[in-house]
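Student: First the structure, which I've put down as structure tokens, then a few questions once you've had a look.
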């Protein structure tokens, strides 16, 4: 028995010492992970990085002194980032290896670096690029390239603006040993030169022979002369969304205009518009990061701005003229606007109208803002900015339709109005409609065939709820411009302050179906037919009913007689003044924007296309379209004057 226990004891000891001697049988393998196994870089000094993660400590070895790393070792467990610096390569292409060891595991990252392959003789010299770039030149806004498709084009012109040529920095790619201008060594992307005269750049080979190119740059004889708004997105991508803001930067170049100061800053950019967003030339919205940049293009400081493309308007003047009419008519606030040339990510987009966005603000719609947390019965009577628009259900979260008119009313502010606020404004309109349609039968639809059931409103009643003067001034502008979009209705704004009456305005969206010179009323006697009513597209503003009130009609006539001379004398002169500002720009504005046969003017019938679009001027030159607009404006003005004086 003792012998048996002794044998078992010897066996256990042998197992124990055998395990100790062969402990590697229980050693976990290295789990080494690298983020890449291959890197390719250019010939300039360059930084590249990769990550390492392992369950054991690790070390790095480098195959060349031209390669440096910010660390050569690391601990187990956590992922580490290794930054490699590769020296400039003036010779031929070369290869490096970075070897990473962790316990018994070894992996290699292969690096290939292009070489400049510096020219031995002049015949070996290769110049692949020579540019004047915005990155190195404050007053160059569109890249100017002297090599295109391998061909050298030494004489270039700045087409759309004026630039100071006296201190520009050129950039190039070449295998030359050095570059000289006269006796001065040149550094790509750094050395300034006076480009007011042609400059000869000499590219030298190793044997001191050289290749010479002459660089010329000049401003256009007839540039636009408008201020420049230069926009760049951080990702250098086009704006493709109306919902997502793209982060970027802006720079304003006055181009010598007095009263406009240079400015620059951070902005966000997105698309905007309904039908206009479908055009090749896109409209945009801007949200500046900081209102403190001060006056923008000479207009009051604010963060929110709009760039109107005016693509459907061959004159580019329709919105400007409508805004000027609004100011002459005495509307409380009409957006200010200025023409600019827009460059987005180095691409010229043409003439835009930089316009104040419709917002509640002391210098815009001057009422007090009210947020959506408000429940005080007095305060919820104000802070209202509303839009009547047939696109009311396109992504809007707060909208309603009053009981009788069924106008599609969007609540723009307060943003995300609460239930108490929504009940208040809906009830306010229903109360208003009871006095505008005083004898209207309940549960009856309001359209042309039964409109006489509405009765005659009394200004002493509805005047308690609406600002009559604003409705008169607004009507005059809409009729005079013959803005058919407003009759659908579309882009019709209203606002209301705390314990104040409802006002109509400001003006917006006059680029299509306006200034057509017709001789019939647009709003004064319009009510949709029963068939139009069923589409939800057509609804009448209150003007047909208001004009049934003799007191309202009398006030309109008095106001018209006050304004007529200002319109007759002021607007044709204003058109001439604005044309003088943008005439050169208009010649450049109709650039190739990728217009396909089916694009151009949105939703046109074959007849509309043959007639030149909804403004009937797409087939005209801009100068011809402007003469036509002025003629039709005077025709409409005189027709309205004749009709109103008969009242």
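Residue numbers (the numbering used here): 417 to 1063.
The C-beta atom is built at its ideal place from N, Cα and C for all residues, glycine as well.
Between the Cα of residue 586 and the Cα atoms of 573, 598, 615 and 592, which residue gives the shortest distance?
Tutor: Against the chain shown, residue 586 aligns to sequence position 170. Considering only alpha carbons, the answer is 615.
Student: Quick one: residues in its chain with C-beta nearer than 6 angstroms to the C-beta of residue 1060, no 5 flanking neighbours on either side, listed in chain order?
Tutor: Along the chain shown, one-based indexing puts residue 1060 at 644. Hits under 6 angstroms: 973 and 976.
Student: Can you tell me which of the three DSSP states residue 538 falls into?
Tutor: Against the chain shown, residue 538 aligns to sequence position 122. DSSP places residue 538 in helix when its eight states are reduced to three.
Student: What residues match up with residue 640 in a beta bridge as DSSP calls it?
Tutor: Taking the first residue of the chain shown as 1, we reach residue 640 at position 224. Bridge partners of residue 640: none, in fact.
Student: Exposed or buried, which one is residue 903 when buried takes at least 16 other CB atoms within 10 Å?
Tutor: What you label residue 903 is simply residue 487 of the chain shown in a count that begins at 1. Buried, because 16 or more other Cβ atoms sit within 10 Å of the Cβ of residue 903.
Student: Closest by CA to residue 820, which one among 679, 798 and 843?
Tutor: Taking the chain shown and counting its residues from 1, one reaches residue 820 at position 404. The residue with the shortest Cα to Cα distance from residue 820 is 843.
Student: Compute the Euclidean distance between the alpha carbons of residue 1062 and residue 980, then round it to the nearest angstrom.
Tutor: To locate residue 1062, count along the chain shown from 1; it is residue 646. To locate residue 980, count along the chain shown from 1; it is residue 564. So the two alpha carbons sit approximately 15 angstroms from each other.
Student: Using CA atoms only, rank isn't needed, just tell me which of 459, 449 and 948 is closest to residue 1070.
Tutor: Absent from the model: residue 1070. The displayed extent of the chain is 417 to 1063, so no value can be given.
Student: Taking a contact to mean a Cβ-Cβ separation below 7 angstroms, would you say residue 590 touches residue 543 in this structure?
Tutor: Against the chain shown, residue 590 aligns to sequence position 174. Against the chain shown, residue 543 aligns to sequence position 127. A contact, by the Cβ cut-off of 7 angstroms.
Student: Can you pull the DSSP bridge partners for residue 623?
Tutor: Here residue 623 refers to the residue found at position 207 when the chain shown is read from its first residue. Beta-bridge pairing links residue 623 to no other residue.
Student: Decide if residue 475 is buried, meaning its Cβ has at least 16 other Cβ atoms within 10 Å, or exposed.
Tutor: Taking the first residue of the chain shown as 1, we reach residue 475 at position 59. Residue 475 comes out exposed.
Student: Per DSSP, what kind of secondary structure is residue 532 in: helix, strand or coil?
Tutor: Residue 532 sits at position 116 when you count from the first residue of the chain shown. Residue 532 falls in the coil class under three-state DSSP.
Student: Check the DSSP bridge columns for residue 776 and list the partner residues they point to.
Tutor: Counting from 1 along the chain shown, the entry for residue 776 is found at position 360. 781.
Student: Give the range of the alpha helix (DSSP H) segment to which residue 969 is assigned.
Tutor: Locating residue 969 in the chain shown gives position 553, where the first residue counts as 1. Taken as a continuous stretch (DSSP letters only), the alpha helix (DSSP H) holding residue 969 covers 966-1005.
Student: Are the segment 845-857 and the segment 927-935 touching, with three or more C-beta to C-beta distances below 8 angstroms?
Tutor: The segment 845-857 is not in contact with the segment 927-935.
Student: Does the segment 742-753 come into contact with the segment 1040-1058, if we say contact requires no fewer than three beta-carbon pairs (one atom in each stretch) closer than 8 angstroms?
Tutor: Contact fails: fewer than three Cβ-Cβ distances are below 8 angstroms.
Student: Please classify residue 474: does DSSP put it in a helix, a strand, or coil?
Tutor: As a first step, residue 474 must be located in the chain shown, where it is residue number 58. Three-state DSSP puts residue 474 in a strand.
Student: Can you tell me whether residue 870 is helix, strand or coil according to DSSP?
Tutor: The count along the chain shown starts at 1 and reaches residue 870 at position 454. Reduced to three states, the DSSP call for residue 870 is helix.
Student: Once the 5 residues before and after residue 775 are set aside, which same chain residues still bring their CB inside 6 angstroms of it?
Tutor: As a working mapping, residue 775 is identified with position 359 in the chain shown. If we look at residue 775 and ignore the five residues flanking it on each side, its Cβ neighbours are 720.
Student: In whole angstroms, what is the alpha-carbon distance linking residue 674 and residue 643?
Tutor: Indexing the chain shown from 1 puts residue 674 at position 258. Indexing the chain shown from 1 puts residue 643 at position 227. Residue 674 and residue 643: Cα-Cα distance of roughly 10 angstroms.
Student: With distances taken Cα to Cα, identify the nearest neighbour of residue 871 among 989, 502 and 857.
Tutor: If you number the chain shown from 1, residue 871 lands on position 455. The option with the nearest alpha carbon to residue 871 is 857.
Student: Under a three-way DSSP split, which group does residue 883 fall into?
Tutor: Residue 883 sits at position 467 when you count from the first residue of the chain shown. Residue 883 falls in the coil class under three-state DSSP.
Student: Specify whether the segment 745-759 and the segment 874-893 touch according to this definition: at least 3 beta carbon pairs, one from each stretch, less than 8 angstroms apart.
Tutor: Result yes; three or more Cβ-Cβ pairs closer than 8 angstroms.
Student: If I measure Cβ to Cβ from residue 602 and keep anything under 6 angstroms in the same chain, skipping five residues before and after, which residues do I get?
Tutor: Translated into the one-based positions of the chain shown, residue 602 becomes position 186. These residues qualify, in order along the chain: 595.
Student: For residue 878, would you say it is in contact with chain C, using Cβ-to-Cβ distances shorter than 7 angstroms as the test?
Tutor: No chain C is part of this structure, which consists of one protein chain only.
Student: Can you tell me which of the three DSSP states residue 736 falls into?
Tutor: Within the chain shown, residue 736 is the residue found at index 320, counting from 1. It is helical.
Student: Can you pull the DSSP bridge partners for residue 726?
Tutor: Looking up residue 726 in the chain shown gives position 310. Its beta-bridge partners do not exist; DSSP assigns none.
Student: Tell me which residue opens and which closes the alpha helix (DSSP H) that residue 878 is part of.
Tutor: Residue 878 sits at position 462 when you count from the first residue of the chain shown. Note, residue 878: alpha helix (DSSP H), 875-878.
Student: Which of the three DSSP states is assigned to residue 706 in this structure?
Tutor: Within the chain shown, residue 706 is the residue found at index 290, counting from 1. Coil, per DSSP.
Student: DSSP has residue 680 in a bridge; who is on the other side?
Tutor: Here residue 680 corresponds to residue number 264 of the chain shown, with the count starting at 1. Its beta-bridge partners are 667.
Student: Whole angstroms is fine: what's the gap from residue 477's alpha carbon to residue 514's?
Tutor: As a working note, residue 477 is residue 61 in the chain shown. As a working note, residue 514 is residue 98 in the chain shown. Rounded to the nearest angstrom, the two C-alpha atoms are 6 angstroms apart.
Student: Mind checking which residues open and close the alpha helix (DSSP H) that includes residue 911?
Tutor: What you label residue 911 is simply residue 495 of the chain shown in a count that begins at 1. Element bounds for residue 911: not the alpha helix (DSSP H) but the beta strand (DSSP E), 908-912.
Student: Drop a sphere of 10 angstroms on the beta-carbon of residue 688, count the other beta-carbons inside from all chains shown, and report buried for 16 or more, exposed for fewer.
Tutor: Here residue 688 corresponds to residue number 272 of the chain shown, with the count starting at 1. Answer is buried; the Cβ neighbour count reaches 16.
Student: Relative to the alpha-carbon of residue 802, which residue among 908, 480 and 938 has its alpha-carbon at the smallest distance?
Tutor: Here residue 802 is taken as the residue at index 386 of the chain shown, counted from 1. Measuring from the Cα of residue 802, the nearest candidate turns out to be 908.
Student: For the segment 508-532, list the beta strand (DSSP E) runs that are entirely contained and at least 3 residues long, ordered along the chain.
Tutor: Runs found: 510-518 and 521-529.
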